[in-house]
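S.K.: FYI, numbering that gives the first Met the number 0 numbers position 200 of the sequence shown as 199, with every residue one higher than the one before it. Right, I'll just put the structure down here and ask away after.
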Amino acid sequence: MTVYFPEDKLKDQLVERGIRNPEVLRAIRVVPREEFVNPESRGIAYEDRPIPIGYGQTISQPYIVALMTELADVARGDRVLEVGTGCGYQTAVLAQLADQVYSVEIVAELSARAEKVLDAVGVSNVQLRVCDGWEGWPEKAPFDVILVAAAPPEIPPRLIEQLAEGGRLVIPVGEDRQVLKLLVKENGDLVEKRNFAVRFVPLVKNPTSIA
Ligand code: SAH
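Right, here's the structure in full:
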């Protein structure tokens, strides 16, 4: 197993802030984050910050990726939907833990670039699609985990429909003030289990795909 994430930074950024799941820490260690950022950002790939990836988007700070992954409680055999592929880094982390990861992205160029990098680093259990994440990916539902990397003002109803019973939805919600929520589907209803104050880019509404 090749370790890319420097151990001292992993301890400072993740362990000290409460990330404890050994499987999540292992996934973060083995994904080469420097391959997912633009070449000029390689030197800062493991710093404690988000990094611009073009098209007005950023790769999330490592802590946020780890926190969302830990909250999602991803297990072998799980089918995971990620909304907002971006550069594909979170996708690669999820792919270490899940059986299959489906990831949707609205910016075609980002999805194409993510596909190339995921292929180059040998991640094969992911499928990407260019579409509006408000719609989810109905053909692949139900999902055990849905993880949303951009903040909608309210929870997209299609995502609730596509979550399996017992499934976990990890999503930042809100406009000015955002709250990262862990919601679990219990008897058909979403039950909020945890929440954190955070900042994400907005989950844009694609006017052409809204009926
Ligand atoms: N997890 C990503 C972070 C991406 S930032 C990473 O590791 O790099 C959020 C992403 O959500 C951006 O790439 C943005 O283009 C995408 N996004 C925003 N609105 C969207 C929508 N409605 N549907 C799908 N993707 C969307």
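We treat Cβ as the ideally placed atom computed from N, Cα and C, and that holds for glycine. The structure displayed is predicted, hence computed values, not measured ones.
1) Just verifying my parser: in three-state terms, what is the DSSP assignment at VAL82?
2) Verify whether the separation of the beta carbon atoms of ILE18 and GLU69 is less than 7 Å.
3) Please give the ranges of any beta strand (DSSP E) in the segment 124-175, keeping only runs that are unbroken, at least 3 residues long and fully inside the region.
4) How is the alpha helix (DSSP H) around ARG28 delimited, first residue to last?
5) Counting along the chain, where does the alpha helix (DSSP H) carrying LYS115 start and finish?
6) Starting from the C-beta of THR90, find all residues in its chain whose C-beta is less than 7 Å away, skip the five residues before and the five after it, and write them out in chain order.
7) With DSSP as the reference, please indicate the residues paired to LEU182 in a beta bridge.
8) Starting from TYR54, trace the beta strand (DSSP E) both ways and give me its first and last residue.
9) Taking the alpha carbon of LEU202 as the reference point, which residue from SER40, ASP175 and ILE27 has its own alpha carbon closest?
10) Along the chain, where does the alpha helix (DSSP H) that runs through GLN12 open and close?
11) Quick one: what does DSSP say GLN177 is sitting in, helix, strand or coil?
12) Once the 5 residues before and after VAL147 are set aside, which same chain residues still bring their CB inside 6 Å of it?
13) Mind reading off the beta-carbon distance from ALA163 to ASP143? Whole number of angstroms is fine, and I expect it under 8 Å.
14) Measure the beta-carbon distance from ALA107 to VAL73 and round it to whole angstroms, keeping in mind my assumption that it falls under 8 Å.
15) Just how far apart, CA to CA, sit GLY166 and LYS180?
16) Roughly how many angstroms lie between the CA atoms of TYR54 and GLY87, to the nearest whole one?
17) Please go through the same chain and pick out, in chain order, the residues whose beta-carbon is closer than 7 Å to the beta-carbon of ILE154, but skip the five residues on each side of it.
M.R.: Checking against the coordinates, here is how it stands:
1) Position 83 of the sequence shown, counting from 1, holds the residue named residue 82. It is a strand residue.
2) Here residue 18 is taken as the residue at index 19 of the sequence shown, counted from 1. Here residue 69 is taken as the residue at index 70 of the sequence shown, counted from 1. The answer is yes: Cβ separation under 7 Å.
3) 125-129, 142-147 and 162-172
4) Here residue 28 refers to the residue found at position 29 of the sequence shown. Unbroken alpha helix (DSSP H) run through ARG28: 21-29.
5) The residue you call residue 115 lines up with position 116 of the sequence shown. Start and end: 107-119.
6) Within the sequence shown, the letter at position 91 stands for residue 90. Taken in chain order, the residues that qualify are GLU81, THR84, VAL100, SER102, ALA113, LEU117 and VAL125.
7) One-based indexing of the sequence shown puts residue 182 at position 183. DSSP lists LEU168 and GLU191 as partners of LEU182.
8) The residue labelled residue 54 in the question sits at position 55 within the sequence shown. First-last for TYR54: undefined, no H or E at that position.
9) Counted from its first residue, the sequence shown places residue 202 at position 203. Nearest C-alpha to LEU202: ASP175.
10) Here residue 12 refers to the residue found at position 13 when the sequence shown is read from its first residue. Where GLN12 is concerned, there is no enclosing alpha helix (DSSP H), given that its DSSP letter is neither H nor E.
11) Here the question's residue 177 lines up with position 178 in the sequence shown. DSSP places GLN177 in strand when its eight states are reduced to three.
12) Within the sequence shown, the letter at position 148 stands for residue 147. Hits under 6 Å: VAL82 and ILE170.
13) The residue you call residue 163 lines up with position 164 of the sequence shown. The residue you call residue 143 lines up with position 144 of the sequence shown. Their Cβ separation, rounded to whole angstroms, is 5 Å, which keeps ALA163 and ASP143 in contact under 8 Å.
14) Locating residue 107 in the sequence shown gives position 108, where the first residue counts as 1. Locating residue 73 in the sequence shown gives position 74, where the first residue counts as 1. Actually they do not touch by this definition, with Cβ atoms about 27 Å apart.
15) Here residue 166 refers to the residue found at position 167 when the sequence shown is read from its first residue. Here residue 180 refers to the residue found at position 181 when the sequence shown is read from its first residue. Cα-Cα distance, rounded: 13 Å.
16) Taking the sequence shown and counting its residues from 1, the one referred to as residue 54 is at position 55. Taking the sequence shown and counting its residues from 1, the one referred to as residue 87 is at position 88. TYR54 and GLY87: Cα-Cα distance of roughly 14 Å.
17) Locating residue 154 in the sequence shown gives position 155, where the first residue counts as 1. Closer than 7 Å at Cβ, skipping near neighbours: ILE170 and VAL172.
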